[in-house]
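Numbering (my numbering), first residue to last: 104 to 459.
Where a beta carbon is used, it is the ideal one built from N, C-alpha and C, also for glycine.
Worksheet: one structure, shown below.
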Amino acid sequence: MGETKGRGARSNATGRYEPQKVHDFDDGWTAHDAGVAPLRTRLTPERARTIIARNQSPDIGFDRSINPYKGCEHGCIYCYARPSHAWMGLSPGLDFESRIFWKPDAARLLEQELSRPRYVCRRIHIGGNTDPYQPVERELKSTRAILGVMRRFNHPFSIITKSVLIARDLDVLGPMGREGLASAFVSITTLDRGLARAMEPRASTPARRLEAISRLADAGVPVGVGFAPVIPGLNDHELEAVLEAAKKAGACTAMYVTLRLPLEIKDLFREWLAEARPDRAARVMSLVRQTRGGRDYDPDWSRRMKGTGPVAALIAARFKAAVKRLGLDGLRHELDVTKFRPPPDLRPQMDLFDAA
């Protein structure tokens, strides 16, 4: 395995669906001071048949989403999307942040789906699973192409990211935001540059994320801040400071999610915690379990986003008080679905895409 510097996960355990497990071990043949090649990102095109994913989860505020990428170079150790790599026979560990899949035909597929005569317009959320503005987007511009389609159709969408790269697309986001067709969230988990680098090694720095909020707001895009995830004993003490900084930058709303550790994430997070913050590892895990009924994770839809118990209740109370004081507790920006129109040059072809 290559050098893992600049990556979030510390290991690459075999995915849960594989019949055989592979483990690294030192056989004594390689000198410990020998040069080790750094772990490189590998891009794989995916030939998809559709681009819009739909869900019926009662605790998610949208029923359709687009994820331009599978896997994420940001390498956030807590990422809830990590277990999805196991479906492809890969590890939710280092594979997740170095084996990236993308859809070359994303824009064309989206045009087809939006052009169907029976399509009913509702908000589409971009980036609900992995970040649409991870580093490979600079080269591939898949998210950029998707936004171009949204603009052509006047289709409302929301988008979430940890990257200042979102500001590259202000020429699309600004006009659509001002027309009530787009809103954005920027996730900020800490203002501590050192903690951010350890926990989210390839995401934009906290200062750059605040810059993204400011540039979005200045362009007329309704923008919120996501303090997510809240990790008791690690970053929860920054809740008020993050919200205050985001408000000063131009955020108009806020949300939070308590740390979730389903499936492989619990072991990856424990491993990272033991190395990155050994002095507080035991306390952090104890507090996490206190928000999950004594377990590492509670998957119940009515509890999984915020947690339960005194620790979770205190976080909720602090968040409620902070957003009220800062004026971040207003209603979420409603997007306009009435402006949706397939562009004239595609209307003669709409029947071709009606598979019914």
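Taking the Cβ atoms as the reference, residue 356 lies roughly 6 Å from residue 431, within the contact range of under 8 Å.
Comparing alpha-carbon positions, the option among 381, 215, 153 lying closest to residue 301 turns out to be 381.
Under the 10 Å beta carbon count, residue 205 is surrounded by 16 or more other beta carbons and is classified as buried.
The beta strand (DSSP E) runs lying completely inside the segment 234-315 and spanning 3 residues or more are 260-264, 285-290, given in chain order.
Only buried fits residue 318, as 16 or more other CB atoms lie within 10 angstroms of its CB. Between the C-alpha atoms of residue 288 and residue 329 there is a straight-line separation of about 6 Å. Secondary structure at residue 358: strand, using DSSP grouped into helix, strand and coil.
Secondary structure note for residue 387: its alpha helix (DSSP H) is the uninterrupted segment 384-393.
Annotation: residue 184 to residue 177 spans about 12 Å, alpha carbon to alpha carbon.
DSSP places residue 187 outside any alpha helix (DSSP H), giving it a letter other than H or E.
Assignment of beta-bridge partners to residue 180 by DSSP yields no partner. Per DSSP, reduced to three states, the secondary structure at residue 146 is strand. At least 8 Å separates the beta-carbon of residue 276 from that of residue 445. In the DSSP assignment, residue 330 falls within the beta strand (DSSP E) that extends over 326-333.
Counting the other Cβ atoms within 10 Å of the Cβ of residue 240 gives 16 or more, which makes it buried. Classified as buried, residue 425 has 16 or more neighbouring CB atoms from the shown chains inside 10 Å of its CB.
In the DSSP annotation of this structure, the continuous segment of the alpha helix (DSSP H) that includes residue 372 starts and ends at 368-379.
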